[in-house]
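Quick notes on the structure that follows.
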Amino acid sequence: MLIMGGTVSLQRSMAHRITTIPPRLACWRARLERRPYRAAAALGACLGIVGTLCTLCVIGVVLQFLPPEQWGHSAAAGLGRFGPAWIFLIAVVYAPVVETLLAQVLPMELAHRLGAPSSACVLLSGLVFACGHYLNGGLAHGMTTFFGGMILACAYVAMRWAGVGPAVLAAGTAHAVQNGTVLFVLAPLLPGGA
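Per our numbering, the sequence shown starts with residue 2, numbered consecutively.
Dropping the structure here:
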């Protein structure tokens, strides 16, 4: 009987540990709620790096299986005539703002108001993002940005609880970090890079 009582006590303590929020995590959640814009920027920066890594993996697969004549032109090729400061303003400041509004906010908010679940909103946003990049950069660019667009949409969904402002900031920051990493960190490492 003592053993069964000890087992029940152990089960209760395990259930207590699993179902209660540790004090550190509870404090962290409270900080997030007090500073949603800071949390959105931090989440966006992290997901921007994750998006870059995901895009690199996907582009490796896409370029392996897609014939070169179907790749299309580089969307960044048109930026070559600008200096680094203008490239930064166009690709890291302006494009994320415009594309976040067109590819994340509009389709996701419309789909959400029509009753679509978050996963459908993320897929729709990725598709809209990919279509815009396909029109500008070709098939390979569109296929790779589909997955990057879904990561940006995940940033939007993850911060939507705090309002549209923090959600837009999270998606826009992720996009800016992704563009900046690709253009200013990875592109110079490639043959013929800046």
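Where a beta carbon is used, it is the ideal one built from N, C-alpha and C, also for glycine. Just so we're clear, the structure is a prediction, and the values are computed from it rather than from any experiment.
Determine, using beta-carbon pairs with one atom in the segment 115-125 and one in the segment 82-97, whether at least three such pairs fall under 8 Å.
Three or more Cβ pairs closer than 8 Å define a contact, and the segment 115-125 falls short of that threshold against the segment 82-97.
Name the residue from Y38, L67, L48, N137 whose alpha carbon lies nearest to the alpha carbon of L80.
Closest option to L80, Cα to Cα, is N137.
Where do the N-terminal and C-terminal ends of the alpha helix (DSSP H) with V129 fall, by residue?
Where V129 is concerned, the enclosing alpha helix (DSSP H) stretches over 119-138.
State the Cα-Cα distance for the pair T182 and T174, rounded to the nearest angstrom.
So the alpha carbons of these two residues sit roughly 12 Å apart.
Where does P85 land, buried or exposed, given buried means 16+ other C-beta within 10 angstroms?
Around the CB of P85, fewer than 16 other CB atoms lie within 10 Å, so the residue is classed as exposed.
With DSSP as the reference, label F148 as helix, strand or coil.
F148 falls in the helix class under three-state DSSP.
Just reading off the alpha helix (DSSP H) that W87 is part of, what are its end residues?
Start and end: 85-88.
Own chain, CB closer than 8 Å to A46, minus 5 neighbours either side, in chain order:
Excluding residues within five positions, the ones whose Cβ falls inside 8 Å are T174, A175, V178.
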